[in-house]
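Going by the numbering used here, the sequence shown opens with residue 501, and the numbers climb by one from there.
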Amino acid sequence: MRIDVLGIGFDNLSLDQAADFAFDIISGEESAPTKTYVVTPNPEIVWLCRQNPTLRDNINHAGLVLPDGIGIIYGARILGTPFSGGRVPGIDFIDALFQRMAKAGKSVFLLGAKSGVAEAAGNALKKAHPGLIISGFADGYFTDSAALIAQINATQPDLLLVCLGAPKQELWMAEHLDRLNVPLCAGLGGSLDVFSGNVKRAPVFFQKLGLEWFYRIVTSPSRLKRSLSLPLFALSVFIQRLRN
Ligand code: UDP
501 MRIDVLGIGF DNLSLDQAAD FAFDIISGEE SAPTKTYVVT PNPEIVWLCR
551 QNPTLRDNIN HAGLVLPDGI GIIYGARILG TPFSGGRVPG IDFIDALFQR
601 MAKAGKSVFL LGAKSGVAEA AGNALKKAHP GLIISGFADG YFTDSAALIA
651 QINATQPDLL LVCLGAPKQE LWMAEHLDRL NVPLCAGLGG SLDVFSGNVK
701 RAPVFFQKLG LEWFYRIVTS PSRLKRSLSL PLFALSVFIQ RLRN
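Encoded structure:
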């Protein structure tokens, strides 16, 4: 059973449980879903889903919906249905999945970010996870999805990382899943920028306090406009609680 936060159903899994589940999908375990995608919505995306039913449906149809933002964790708690596993940041989830994939010699195709970033991320990932195979990479500023999908399919990856930012990546994965010969896709925003070393993740102090979002706004003020939805998200959670 998923935990509902303002219309989005989140899986109640710990980081390791989520990575195990994703690895089962990649490995074709009978009990796991076949061909699906992972999403990691934060409060901004949950808020966006209220105005975009297609996006909401795409996210709710994902095989794995992980609570990336601390706001989601607090929201669920306020609504009386707390998560038992805590927050599952997308970048930590994918790192845990890469560990499992490296041991099994599985492969990943890296899609997204500006030219050169995915390749640099691939080189860093090969060093961090010896055994992990980078089947290919492409930047996220393509115009021809069909050609890109043919390029991805030709490399037969076990996992496709789709780092186009939200909500573009969620919409793209849902629209093209049928044509992708990949057991699992994962929409992971700016992760390639972090893996490549182009963007620094928030210091551990901020991560531990659940304040990564605050660090990102301070270091990248262009995000401020997007984050105006955060108080609206919080207000809606309180209203929902009163209604309940
Ligand atoms: N991006 C992309 N194609 C696009 C728009 C964005 O590949 O058409 C990339 C962008 O270069 C960046 C990532 O998507 O690497 C978005 O990063 P951000 O940290 O904004 O992700 P989010 O906060 O949405 O998870």
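Note that beta-carbon positions come from the ideal geometry of N, C-alpha and C, so glycine has one too.
Fair warning: this is a prediction, and the values are worked out from it, not measured in the lab.
Do K614 and ligand 1 come close, with the Cβ less than 6 Å from some heavy atom?
-> yes
Check L610 in the structure and name its three-state DSSP category.
-> strand
Using the C-alpha atoms, what's the distance from D644 back to G631?
-> 31 Å
Taking 6 Å as the cut-off, does the CB of L664 come closer than this to any heavy atom belonging to ligand 1?
-> yes
Segment contact flag, the segment 608–617 with the segment 692–706, C-beta cutoff 8 Å, min 3 pairs = yes
Only counting runs of 3 or more residues, tell me where the beta strand (DSSP E) segments fall wholly within the segment 509–552, in order along the chain.
-> 536–539
Taking one C-beta from the segment 708–720 and one from the segment 556–572 each time, how about it: are there three or more such pairs within less than 8 Å?
-> yes
Cβ-Cβ distance between V546 and I508 below 7 Å | yes
Compute the beta-carbon to beta-carbon distance between I633 and S607, rounded to the nearest angstrom, for a pair I have assumed lies under 8 Å.
-> 4 Å
Jot down the residue ranges of each uninterrupted beta strand (DSSP E) in the segment 643–687, minimum 3 residues, whole runs only, in chain order.
-> 659–663 and 684–687
Using only alpha-carbon positions, find the residue among T540, L732 and E530 that is nearest to F593.
-> T540
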